[in-house]
Amino acid sequence: MVSDSRPLVWYVAAGYKLPAGIEAYLCHYATEMRKHGFETRIIVFYPLPREKHRFLKLVEERGIKITSLYDETVFKAGLIALLFFIPWFLYILIRKRRFPDVQAFKEWIHNRCAIKWFRDEIAEGRPDVVHVKGRLPTNAWAIFPSDLTIYHHALMGTVDSSWTEKEVEDFRAFASRIAFIFVPGRHVAETLAREFRIKRRVESIFTMAPDEARTEADSGQLGGSAPVGKRIAVDKVWQCRFGILCRFNEQKGISYILEALKSFKQKYGDVVFTFTGQGNLEPMIREFIKLNNLYHVEIERMSEVSKVFEKMDVMVHPGLDDAMPVSIVEALMCSVPCISTRIGGVPDLIRDGVEGFLIEPGNSGQILECMERFRSMPVEEFRKFCRRARARYEDVCMPEKVGKIVAEYYHNITKGRTNAG
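Residue numbers (this note's numbering): 1030 to 1450.
Take a look at the structure:
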């Protein structure tokens, strides 16, 4: 039987590392759904970062419990590995006739301990709803209770080289038996059905982001959004400022942005662009800026969302493998139109020529063309793009609206448990 207290929702993901999409998703959902009458908790498989990023700080400040299966089981897994190391080492060396992979052995032990801990926690914690975000270790799929679980897809829906045939089979079996599947738009739903041969119904749920652009001073302007006019010079002569907020990896199409910036500078003498975020490609970005004398291209660390987008007139986000980047939602929230790619759920959110422009992935020439269109655009036409961007956020991504929709699915699950009891 479900208790009379607030229903408990677990949000489960692989990791909670850099301040990026999944981290934002877990934070926003665990926060918003409390307002709809649910108690929330976050569980991840990998270690929590030592340096607390903005989303982890918010989770802790709001009293949302977050648990790392790795951190919970690290001591026990270490003891087991120590106990069985010599027998395992000799078995692999003598019977299998190959040199033992010690790191793989440690990871295998730790994974087994984490899965057992999680299975026991489900039995003892008795969550009313389990909401999974993104891909997990393949042996985790089988342990989720069918009638309580929602899966929210985090990528485009394609089967790439990182998936083995066994992993695809395990995921397909999981997806076929759980209560609901959420996807960020029709395009991802079609890809998921085609690539994984998942024929069941899926629900289109857009990404939510809290309205950090609204202030008291903004009331009455653009439906409560940050004022567009402050970005435009009074004399209507303006230089369009571009930028991106993302994790600096090739998945975000960073190299194609850099090539477009180089070409833009060669044609127009200068380009203003801000890379906001962090990631392994930062040294490469800095070197490219230096070699090509991109004097007004900067790299900044993440701060408040509204402050990030105060420095951008247009966001350039040519992702190669994304479902629905949170930063695109945040750009719309701040009345910033976008140049983005026709991948994942992006075409369901950004309509070409309405809230920005859509391009094909991996095409620096198309990035340049769209930057040029914004550069030459009359001020009043650009203002319309900004207004439509904000209106799109208010229409489909406001937490109050998304939360209300998701709450209905949660109640559907909890009512089913009550009736069964």
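Heads up, the beta-carbon is just placed ideally off N, CA and C, and yes, glycines get one too. For clarity, every value in this text was computed on a predicted model and none was experimentally measured.
How close, in whole Å, do the beta carbons of residue i and residue j come, if the pair is a contact with beta carbons under 8 Å?
i: residue 1179; j: residue 1197; result: Contact doesn't hold; Cβ gap of about 20 Å is too wide.
i: residue 1381; j: residue 1216; result: 13 Å between Cβ atoms; not a contact.
i: residue 1368; j: residue 1408; result: Actually they are not in contact, since the Cβ atoms of residue 1368 and residue 1408 sit about 18 Å apart, beyond 8 Å.
i: residue 1156; j: residue 1177; result: 7 Å
Given a cut-off of 8 Å, decide if residue j and residue i are closer than it, judged by their beta-carbon atoms.
i: residue 1285; j: residue 1393; result: yes
i: residue 1400; j: residue 1289; result: yes
i: residue 1351; j: residue 1385; result: no
i: residue 1203; j: residue 1182; result: no
i: residue 1356; j: residue 1275; result: yes
i: residue 1241; j: residue 1090; result: no
i: residue 1165; j: residue 1074; result: yes
i: residue 1072; j: residue 1041; result: yes
i: residue 1187; j: residue 1220; result: yes
Assign residue i to one of three DSSP states: helix, strand, or coil.
i: residue 1275; result: strand
i: residue 1253; result: Residue placement at residue 1253 cannot be trusted, given a pLDDT of 37 that sits under 50; what the coordinates show is reported in the next sentence. Looking at residue 1253 - three-state DSSP - the assignment turns out to be coil, as it is neither helix nor strand.
i: residue 1094; result: strand
i: residue 1385; result: strand
i: residue 1508; result: Coverage of the chain is limited to positions 1030 through 1450, which leaves residue 1508 absent and any answer about it impossible.
i: residue 1042; result: strand
i: residue 1077; result: coil
i: residue 1127; result: coil
i: residue 1034; result: coil
What's the C-alpha gap between residue i and residue j?
i: residue 1331; j: residue 1337; result: 7 Å
i: residue 1139; j: residue 1148; result: 14 Å
i: residue 1283; j: residue 1125; result: 44 Å
i: residue 1404; j: residue 1430; result: 34 Å
i: residue 1135; j: residue 1110; result: 6 Å
i: residue 1098; j: residue 1398; result: 47 Å
i: residue 1259; j: residue 1171; result: Bear in mind that the predicted position of residue 1259 carries a pLDDT of just 44, short of 50, making it unreliable; the figure below should be weighed with that in mind. Computed Cα separation, rounded: 53 Å.
i: residue 1451; j: residue 1299; result: This structure does not reach residue 1451, given that the chain is present from 1030 up to 1450, and the question cannot be answered.
i: residue 1051; j: residue 1058; result: 10 Å
i: residue 1262; j: residue 1228; result: Model confidence at residue 1262 stands at a pLDDT of 41, short of 50, so the residue's coordinates are unreliable and nothing is read from them.
i: residue 1416; j: residue 1361; result: 9 Å
i: residue 1297; j: residue 1287; result: 15 Å
i: residue 1067; j: residue 1096; result: 18 Å
i: residue 1145; j: residue 1310; result: 36 Å
i: residue 1326; j: residue 1270; result: 10 Å
i: residue 1114; j: residue 1055; result: 37 Å
i: residue 1093; j: residue 1037; result: 12 Å
i: residue 1082; j: residue 1088; result: 10 Å
i: residue 1213; j: residue 1439; result: 18 Å
i: residue 1411; j: residue 1418; result: 11 Å
i: residue 1039; j: residue 1306; result: 28 Å
Hey, is residue i close to the ligand ZN, as in C-beta under 7 Å from one of its heavy atoms?
i: residue 1362; result: Among the components of this structure there are no ligands whatsoever, and the ligand ZN is therefore not found.
Only counting runs of 4 or more residues, tell me where the alpha helix (DSSP H) segments fall wholly within the stretch 1300–1382, in order along the chain. 1311–1320, 1334–1339, 1355–1362, 1375–1378, all fully within the stretch 1300–1382.
Can you give, in chain order, each stretch of the beta strand (DSSP E) that sits fully within the stretch 1203–1246 and has at least 3 residues? For the stretch 1203–1246, whole beta strand (DSSP E) runs of length 3 or above, ordered along the chain, are 1209–1212.
Complete beta strand (DSSP E) runs within the stretch 1142–1202 (minimum length 3 residues, chain order): Taking 3 residues as the shortest admissible run, the stretch 1142–1202 contains the following complete beta strand (DSSP E) segments, listed from N- to C-terminal end: 1158–1162, 1178–1181.
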